[in-house]
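Read through the structure below, which is laid out as structure tokens, and then see the notes.
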Amino acid sequence: MDSTTQAVAAIPRLVADELEAPPLTLRQLTWRRFRRHKMALFGVVMLVMLFVYAFGGALFVSEAEANYTQTAARLRAPSAAHPFGTDTVGRDILKRTIYGGQISLLIGLIAMLVELVAGILIGAVAGYYGGKPDSLLMRFTEAAFVIPQIFLLIVMAKFFGGKIPNLTVFGRSFSGSVVVVILIIGLTSWMYLARIVRAEFISLKEREFILAARATGTPALQIIFGHILPNCMAPIIVSATLAVAAAILAESYISFLGLGVQAPTATWGNMLQAASSDFSKIQNAPWFWAFPGLFIVLTVLSINFVGDGLRDALDPRSRAV
Amino acid sequence: MGRYIARRLLQAIPLLFIISIGLFVLMQNLGDPLATMGGRMPTRSADRERLKRQLGLDKPVLVQYLYWLIGNNWTETDLDGDGIAETPGTRKGVLRGDFGISLVNRKPVLQVIGERLPATLLLMGAYEIVVIVGALVVGIYSAVRQYSALDHAVTGISFVLYSMPIFFIGLLSIYVFAVSFQRWGLPSLPPNGMFDPQVGKTPSQVALHMILPVLSLALISLAGYSRYIRSTMLEVLHQDYIRTAKSKGLERRYILLVHALKNAALPIVTIVGLDLPTLLGGAIVTERIFAWPGMGRLFLDHVERVDVAVVMAILMLVSVAVIVFQLLTDIAYAWLDPRIRYD
Amino acid sequence: MKKTWFSTVLALAVIAALLLTACGATPEPTQPPVAAATNTPPPVAAATNTPPPVDTPVPPEPKIATFIWTQEFDTLNPLYTNMWFSSITQQLWNCWAWDFDEAANPRPVLVKELPSVANGGISADGKTLTLKLRDDLVWSDGTLLTSADLLFTYEMTVNPKNAVASTAPYDQLEKVEAPDPQTLVMTFKEAYAPWVGTLWHGILPAHILKPVFEKDGTIDQAEWNLAPKVGCGPYVFQGWESGSFARFVANDKYWLGKPKIDEIFFRFVPDDASQVAALQTGDGDLGTFISYADIPTLQSANVTMITVFSGYAEGIYFYVDPQKGHPALQDQRVRKAFALAIDRAALCKDLLLGMTAPAATDWDNTPWNDPTIQPYPYDPEGAKALLDEAGWVDSNSDGVRDKDGVELVLDYGTTTREIRKDTQAVVQQQLAAVGIKVNLLNAESDLFFSSYGEGGPAAKGEYDIFEYSTAFHFPDPDTADWLCSEIPSDEKPDGTNWAANCDTELDALFAQQRTQVDISQRLDTFHQITKMIFDKVYWLGYWQDPDIWAIGPTLSNVKISGATPFFNISEWELTK
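Protein chains in written order, with the numbering used here: chain B, 1 to 321; chain W, 1001 to 1343; chain Y, 2001 to 2576.
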């Protein structure tokens, strides 16, 4: 006994070198790379500010104030009382951009979620099972892909238009068209993501750790969601980020054509539509369209920066820190 | 290669069927085509009933789809409302080349589309040229002068432009170049239409009116594609064979234009191949802002009047174009890059 | 990391530039200098006339007037379109049997004089109409225009092989005969009073279209429909390029004399913005359907605005179905409370820039309206008193009135036009001030105007209040929208009485006026009708909706009519 303990004590042990840094996890690696991308950081800061403006602003400005019409004060230029001016019925544009911002940002986020769910489900099932389901789903995806999104948006907006009544959530009442817009944007943008997910699944499902999981009898659902999916998060995250930007843009396009969210619920997109509905407004009241437009540009720009940064940070090809 | 093409084309047929059925069903709930036939007043009830019968809108959806697809000149329709079908139909159906009659002005659908197609092709053609040339120039220059001031300027502006909705750029350009220029006494660009009818449809008029819409459209795409070309070029320029060429003493410009450019061809094919067919549908929003009489406006106008025949024809046309161009793009890829093989 | 900072800074600079655009622009004054052209609701007779033209020698180049149209014609065949932008061109190249001047009085065009009981044109029982045509009528290709052409027009309208837009009022005819080339005898099934405003809106050339009908079995796709090269008006169709323009040149065979302007050029622009721009720069000489917001801009460019009444008034209908409607709206006092709670005068002043006035009934500005009717005043206290009296009080202090457990919450629907959305927002606020809550709903117009059978929300009673610009068949006061028989249901899916209003007294009055060929009797009946609709507040008027025409400084001698705007176009003068 004594000699064994002594022998064990004699084995040289590895002592943590104080100068040597602990190995980095993947998350820390990603964050470090992201931090170096200055534009992406700027994007994050901008986005935080925008969210604070839209959601935090609601603490200072009530919804009733945002909807308060005062027709005698219509179309006033920016002034101390109305920093962004007023619209055609005298509502303050600053307050409306706050509440409009909430809806626009929410639409962007939730549409992205719808798209994510649809895309991941379809891509995963097609990629994992292969064969007939894959063929069928891919034909379906291709069919949806072939028609340009703006056409589908217009047709679907008219299809669902006016069918959903007004809803009241958290004490605020929304026009039912918000749900319609979220649905149609989500339902017309999942195709690209489905393809990416399917490609990842096809390549990952032949790996050994998946074979091992199957050999030990893990149910398919757990393999899909517990094993394969976490390993292809990188392209999904990037895709999801950029999808928010695309959704916000899509909402503004469809509102511009008059088929988006209906009054009196404001969004940045339908404020732009109201502002460009006749020439005198374009010409004489540029504040009416410039401010919502600016907000849309800033939001989409920041999201694009962040997405760019994430793409570089998560790119497995460049392992350099 | 021939078998690959044949296989793709065969696969396209069921795809087109699925698309046409899906779209047709969507069409049914777009609204009532008879609703606006009363002009400024709601349509009278007696007229509604009669028109529904005469236009074949009282039949169930599947029957209407069937008539759309293979016509109705093999059966009889009841035109005078007595319940007995006595008049033979006159339609031959899409499969025989008859896309039907527009509900709006009773013109054959192909004629309606044919009248607007050239205007769209013109706009899109100009747009493609501007984007290709512009993206090449900007992309290559940025790649060659990576990290220079111009590169960063271009990157910054690209991002901003890329994030703008098209109508915002359109509005800004109208505001600046049409309204403000006129206000400041500078020669201004016309904000809408295809030509000034007092002068007539001359090439110079059309060119002048094309400037603002093409510019607005092109700026956004330019931003995206120039970055794409820039990154492709960067990849290429760091390859070993370029270094070899440089060390051989070949002139810079020769290296760029001959070696590097060939490799930039692939992104160009992507741009043209995948972008073009969607533009066949017209840039809907741009045409709306600038009053360009193209397919986009046609689509919007006829969707508003729920003119199923025209809307279906446009969507099918665009779908076919997308499928064909996807195939052409893949073939072009194989031709340009011998490493790509299809079985 | 200088380099990435630079791009960030540049991006910020671009954004700053955008901000400057927004803030730095100086707005034009929003209140219009109240211009000389009509800005008070005109009685129809007050359409502006400009003084007669100065004597100018005939210039060598042709005088071309450019009209700016924001909607392109769908077709030019009078039988196939109800589109206003197409029908109003018919005074240019086609001919009506009689048209209407700026005071909505009929004046003969094809007939020698208007038929009446005195001159034997109308039979004693009111069922037979005899038209005597002029004998100098010619089509633009020289062929004589006779009663055979009118007979042919009638036959084409009622033939089931033609999918015409409307068969009214020819489906009321028992028979039509043409005993000689200058006479047409029409026999109605019953005495039909609305014939003046509804008959003979456009004639088809039998010598061109009869062969087409015989060959194709229908005139649905006739070439003439889109290129009517043969016409009977002061101008002749010359060309139509889809999406861009259409041209009409002076007809030297016109029996009332060649018009003064040589050519009328229609230019199609897609939206009001382009129209205003064209009128401002003088690229266009005439425009229509101008939105109120653009009027000051145009007036400052020396464009004259003419407002003319054509029977349209914007207002709301109440859905009063006894089973499916909201119980509050069954009570006349509640409906009257609405009238007192909404400040329509302010709407007209602020949203419509004071260019029009509140409407009392749809028949305002016509002799059909009972002259004692004045629009309801703005009296929110009175509204509250009425609601209290009707038993609707706020018993649970949630800000909304209720009665018997039912809250006074209503659905208010309209189309997606900007002005309507704005109005809804204002009305919602004013109604909330008296304790009525309204939910705002909007639908695209082809959805909104869909019939019951097609799922139209207004027709199906999904809206408690619905707003649109309603009209009778101007210049005839008749309308079918109040008849019990027109209430939409599964048996009658196309009914037009969307308010589901079945008032037997009103129904009887409407049935009566249709047969009263004697004007004074009919006027009396309509006075009763309008008073009833007003007192019972079945319809609440927001504003009178006249047509607004923009006439450029180059045109003179222009008179505009509500029913046939271009009735005196051959007398218009152009000075460039």
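For glycine and all other residues, C-beta sits at the position ideal for the given N, C-alpha and C.
Fair warning: this is a prediction, and the values are worked out from it, not measured in the lab.
Next item on the list: Consider the Cβ of LEU995/W: report whether some Cβ of chain Y lies at a distance smaller than 8 Å.
Entry: Beyond the ends of chain W as shown, which are 1001 and 1343, falls residue 995/W; an answer cannot be given.
Checklist line | Bridge-paired residues (DSSP) for SER173/B | finding: THR168/B
Next item on the list: Kindly give me the distance between the Cβ atoms of PRO1060/W and GLU1076/W, rounded to whole angstroms, as I take these residues to be in contact under 8 Å.
Entry: So it is not a contact: roughly 17 Å between Cβ atoms.
Next item on the list: Please state whether DSSP places MET2186/Y in a helix, a strand or coil.
Entry: strand
Margin query: Just verifying my parser: in three-state terms, what is the DSSP assignment at LEU314/B?
Written below: helix
Item checked: Neighbouring residues, chain B, relative to ASP2422/Y (Cβ below 7 Å) -> THR88, VAL89
Item checked: Residues that DSSP places opposite LEU2173/Y in a beta bridge -> PHE2188/Y
Notebook entry, point to check: CB ILE182/B to CB ILE107/B, shorter than 8 Å?
Noted result: yes
Checklist line | Backbone secondary structure at PRO2106/Y - three-state DSSP | finding: strand
Next item on the list: Name the residue from GLU2241/Y, ASP2362/Y, ASN2225/Y, ASN2105/Y whose alpha carbon lies nearest to the alpha carbon of ASN2162/Y.
Entry: ASN2225/Y
Margin query: Against PRO148/B, what residues of chain Y qualify as contacts under a CB-to-CB distance less than 7 Å, listed in chain order?
Written below: By Cβ distance, chain Y contributes nothing, its closest Cβ being about 21 Å from PRO148/B, past 7 Å.
Check: DSSP beta-bridge partners for GLN2544/Y?
Finding: ALA2313/Y
Note to self: Check whether chain W comes within 8 Å of LEU249/B, counting only Cβ atoms and requiring the distance to be less than that.
What the structure shows: yes
Margin query: Between which two residues does the alpha helix (DSSP H) holding ARG2333/Y run?
Written below: 2332-2341
Notebook entry, point to check: CB SER175/B to CB VAL89/B, shorter than 8 Å?
Noted result: no
Item checked: Opening and closing residue of the beta strand (DSSP E) in which LEU2131/Y lies -> 2128-2132
Item checked: Assigned secondary structure, TYR2468/Y (DSSP; H/G/I helix, E/B strand, else coil) -> strand
Note to self: Please return the same chain residues whose Cβ sits closer than 6 Å to the Cβ of VAL2537/Y, not counting the five positions on each side in sequence.
What the structure shows: ARG2335, LYS2336, ALA2339
Next item on the list: Kindly say whether ASN67/B, judged by its beta-carbon, lies nearer than 8 Å to any beta-carbon of chain A.
Entry: Chain labels in this structure do not include chain A; the protein chains are B, W and Y.
Notebook entry, point to check: Alpha carbon to alpha carbon, what distance is there between ASP87/B and LEU272/B?
Noted result: 11 Å
Note to self: Can you look up SER276/B in the DSSP assignment and give me helix, strand or coil?
What the structure shows: coil
Notebook entry, point to check: Going along the chain, which residues of its own chain have a beta-carbon closer than 7 Å to the beta-carbon of ALA1362/W, five neighbours each way excluded?
Noted result: In the structure as shown, chain W starts at 1001 and stops at 1343, and residue 1362/W therefore has no counterpart that could be examined.
Note to self: Suppose the cutoff is 6 Å on Cβ atoms and the five residues either side in sequence are ignored; what does the same chain contact list for LEU1234/W look like?
What the structure shows: ALA1143
Margin query: Suppose only complete runs of 3+ residues qualify. What are the beta strand (DSSP E) ranges in the stretch 134-167 of chain B, listed by chain order?
Written below: none
Notebook entry, point to check: In chain B, which residues lie less than 7 Å from MET1164/W when you measure between Cβ atoms?
Noted result: VAL297
Check: Using a C-beta to C-beta distance shorter than 7 Å, which residues of chain Y count as neighbours of PRO230/B?
Finding: Under the 7 Å cutoff, chain Y gives no residues; its nearest Cβ is about 31 Å from PRO230/B.
Note to self: Less than 8 Å between the C-beta atoms of HIS227/B and ALA215/B, yes or no?
What the structure shows: no
Margin query: Could you check whether the Cβ of GLU2444/Y sits closer than 8 Å to any Cβ belonging to chain B?
Written below: yes
Check: Taking just the CA atoms, how far does LEU2410/Y sit from GLN2424/Y?
Finding: 13 Å
Check: Which residue from ALA81/B, MET46/B, LEU26/B puts its Cα closest to that of ASN304/B?
Finding: MET46/B
Check: If you compare alpha carbons, which of GLU2505/Y, THR2525/Y, TYR2452/Y, ILE2465/Y is closest to LYS2492/Y?
Finding: TYR2452/Y
Notebook entry, point to check: Mapping DSSP to helix, strand and coil, what is LEU2410/Y?
Noted result: strand
Item checked: Range covered by the alpha helix (DSSP H) that runs through MET2305/Y -> Here MET2305/Y belongs to no alpha helix (DSSP H); instead the beta strand (DSSP E) covers 2304-2308.
Notebook entry, point to check: Got a sec? Which residues, its chain only, sit under 6 Å from ILE2487/Y by beta carbon, not counting five neighbours each side?
Noted result: GLY2495, ASN2497, ALA2500
Note to self: If the criterion is Cβ atoms closer than 8 Å, does the pair ALA126/B and ARG198/B meet it?
What the structure shows: yes
Notebook entry, point to check: So who's on the other strand from PHE51/B, going by DSSP bridges?
Noted result: PHE51/B pairs with nothing; no bridge assigned.
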